[in-house]
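J.:
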Ligand SMILES: Nc1ncnc2c1ncn2[C@@H]1O[C@H](COP(=O)(O)OP(=O)(O)OP(=O)(O)O)[C@@H](O)[C@H]1O
Ligand SMILES: [Mg+2]
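Protein chains in written order, with my numbering: chain A, 247 to 464; chain B, 22 to 263.
1) Strictly under 8 Å for the Cβ-Cβ distance: is residue 84 of chain B near chain A by that measure?
2) Can you tell which of B/35, B/120 and B/193 has the C-alpha that lies nearest to the C-alpha of residue 172 of chain B?
3) Which residues have a Cβ closer than 7 Å to any heavy atom of ligand 2, listed in chain order?
4) Compare the C-beta of residue 247 of chain A against all C-beta atoms of chain B and say whether one is closer than 8 Å.
5) Which residues share a DSSP beta bridge with residue 112 of chain B?
6) Could one say the Cβ of residue 183 of chain B lies closer than 8 Å to chain A's Cβ atoms, at least one of them?
7) State yes or no: is the beta carbon of residue 110 of chain B nearer than 8 Å to at least one beta carbon in chain C?
8) My guess is that residue 192 of chain B and residue 59 of chain B are in contact by the Cβ rule of under 8 Å, so how many angstroms apart are they, rounded?
9) Looking at C-alpha atoms only, which residue of A/413, A/360 and A/435 is the closest neighbour of residue 323 of chain A?
10) List the residues of chain A whose Cβ lies closer than 9 Å to the Cβ of residue 257 of chain B, in chain order.
11) For residue 440 of chain A, name the three-state secondary structure that DSSP assigns.
12) Can you give the Cα-Cα distance for residue 415 of chain A and residue 325 of chain A, rounded to whole angstroms?
13) So the candidates are A/291, A/259 and A/332; which of them puts its Cα closest to the Cα of residue 348 of chain A?
14) For ligand 1, any of its heavy atoms closer than 7 Å to the Cβ of residue 55 of chain B?
15) Using a Cβ-Cβ distance cut-off of 8 Å, determine whether residue 406 of chain A contacts chain B.
16) Provide the residue(s) that pair with residue 230 of chain B in DSSP beta bridges, ordered along the chain.
17) Hey, quick one: how far does the beta strand (DSSP E) through residue 259 of chain B stretch, first residue to last?
18) Within 8 Å of any Cβ in chain A, is that where the Cβ of residue 215 of chain B sits?
19) Taking the beta strand (DSSP E) that residue 44 of chain B belongs to, which residues open and close that run?
20) Spatial neighbours of residue 257 of chain A within its chain, please: C-beta separation below 6 Å, excluding the five flanking residues on both sides.
21) How far does the alpha helix (DSSP H) with residue 98 of chain B in it extend, from its first residue to its last?
22) Is there a C-beta anywhere in chain A that falls below 8 Å from the one on residue 69 of chain B?
23) Would the beta-carbon of residue 58 of chain B be found less than 7 Å away from any heavy atom of ligand 1?
24) With residue 210 of chain B as the anchor, note down where its beta strand (DSSP E) starts and where it stops.
25) Cβ of residue 170 of chain B less than 8 Å from any chain A Cβ?
26) Using a Cβ-Cβ cut-off of less than 7 Å, give me the residues of the stretch 378-397 of chain A that come near chain B, in sequence order.
27) Show which residues of chain A have a CB atom less than 7 Å away from the CB atom of residue 126 of chain B.
28) Does the beta carbon of residue 32 of chain B fall short of 7 Å from some heavy atom of ligand 1?
29) Tell me whether the beta-carbon of residue 100 of chain B lies closer than 8 Å to the beta-carbon of residue 184 of chain B.
30) Using a Cβ-Cβ cutoff of less than 7 Å, which residues in the same chain neighbour residue 258 of chain B once the five nearest sequence positions on both sides are dropped?
31) Taking residue 366 of chain A as the query, report the chain B residues whose CB atoms sit under 8 Å from its CB, ordered along the chain.
32) Quick check on DSSP: helix, strand or coil for residue 26 of chain B?
33) Three or more beta-carbon pairs under 8 Å between the stretch 295-308 of chain A and the stretch 270-282 of chain A, yes or no?
34) Residues in the same chain with beta-carbon distance under 7 Å from residue 439 of chain A, minus the five sequence neighbours each way, listed in chain order, please.
35) Give me the chain B residues within the contact set of residue 369 of chain A, using Cβ-Cβ distance strictly less than 7 Å, ordered along the chain.
36) In this structure, how does DSSP classify residue 76 of chain B when only helix, strand and coil are distinguished?
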């Protein structure tokens, strides 16, 4: 046991905290931005106009078949070319995450909306409500029941995926820990810490999902 | 008041309605019956534009349902609709179900809407169930809430699509009684139903549909005593011996 030096964690605390902060920022922006863009995509995919639904479907298919690493690289190298000036690795990573996650949230939202019987929107429309009112007042509240756990699950996945930002030389939590691990030669301690932290965060999100399910029985 | 003229409806290459024409005047109660799959639901959903149709026309109070200039939501707000499967909003109480469209379509204040909802729910015998969710109500109670939801909009006409088919037998009458009261008060009603007792008591006319056609459009008495088509005779034998 004397081989272990847990003091390394305390010594590198601020570096690790910075990494955690970046992970949290990525998760937050990817989730909020992904949900907003994903909602738009879902509405486009549900449109009866093929000119609107087909491009959205194409976008979703492409994004979902590409590895996230590739998308990160892409925006890192292409964004500056597209807008004519460098954007920095954080901005490009945030944009990549939002646009990547939007494809997954699109499918979750679409599944949620699809889980609500058509008769429900017929009933709303028959009373004179407009389509967007039916969506907002009748369909989405019911869709949330199916979507809530899936969204939380996706947040867990995003959180795990944030480690990929090392490819554009950003230090998320895992990357920060591995930097310390190799610098101080304390791989066991650092990777144990990473495992425990990931486990705790994912467990609490999973618990939240369960709580959500129990609170809103279907 | 409601005029259907040569309505044709296709799903893909399958023809569902084959030239349906009928006129429903103010205050009339018309029962629509016919075998399963004959297009009854499709026909009444065409009337408030829930189902688009390819040919022919439907007008409500002179307003065309299929014209692109028509404000369809405004037209629908004037026609109540009751579904076989109730389609109450499960995440809302009975009161909220009845108030929702009053607030968001008629722009009544929440208070005004709730007052009217209480009045109507009381009228259909559910004054004690205002705070209950649909899942806490029996089928008959749910269907009465859904009738109240339609009535709260002060509709000029009501469409019913097999309002009692999903109900246990002992609950059918409580719903039919509410409908009968409405008819007596002079509501214009189109009712898809196989409740021939209701048709005999309440209907002015019966439309008999088969394979997308209105085969028969006759005054009630004549329909039951002397249906003109062979298909209607067979159908009557089937439902009346059940
Ligand atoms: N959305 C749809 N897509 C394709 N076909 C449909 C659709 N809705 C109805 N149909 C078909 O249209 C025909 C008429 O259906 P409809 O529901 O109007 O019949 P119905 O007379 O109301 O029957 P039931 O007594 O069973 O309610 C049926 O053959 C049905 O399969
Ligand atoms: Mg039907």
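The beta carbon of each residue, even a glycine, is placed where N, CA and C say it ideally should be.
T.: Result, derived from the coordinates:
1) Closer than 8 Å to the CB of residue 84 of chain B there is not a single CB belonging to chain A.
2) B/120
3) B/61, B/62, B/105, B/182, B/183 and B/213
4) Reliability of the predicted coordinates at residue 247 of chain A is poor, the pLDDT of 43 falling under 50, and the value obtained from them is presented with this limitation in mind. Answer no: the Cβ-Cβ gap between residue 247 of chain A and chain B never drops below 8 Å.
5) Its beta-bridge partners do not exist; DSSP assigns none.
6) no
7) Checking the listed chains, one finds no chain C in this structure; the protein chains it contains are A and B.
8) That pair is no contact at about 26 Å.
9) Residue 323 of chain A has its Cα closest to that of A/413, out of A/413, A/360 and A/435.
10) Near residue 257 of chain B there are no residues of chain A at all, since even the closest Cβ is about 30 Å away, more than 9 Å.
11) helix
12) 16 Å
13) A/291
14) yes
15) no
16) B/235
17) Unbroken run through residue 259 of chain B is the alpha helix (DSSP H), 251-261; no beta strand (DSSP E).
18) no
19) 35-45 is the span of the beta strand (DSSP E), which, as asked, contains residue 44 of chain B.
20) none
21) 93-98
22) Yes, because at least one Cβ of chain A sits closer than 8 Å to the Cβ of residue 69 of chain B.
23) yes
24) Unbroken beta strand (DSSP E) run through residue 210 of chain B: 209-213.
25) With 8 Å as the cut-off, residue 170 of chain B counts as an interface residue toward chain A.
26) 379, 383, 384, 387 and 388
27) 373, 374 and 375
28) yes
29) no
30) none
31) 108 and 110
32) In the structure shown, residue 26 of chain B falls within a strand segment according to DSSP collapsed to helix, strand and coil.
33) no
34) 255 and 423
35) Within 7 Å of the CB of residue 369 of chain A, the CB atoms of chain B belong to 104 and 108, in sequence order along the chain.
36) strand
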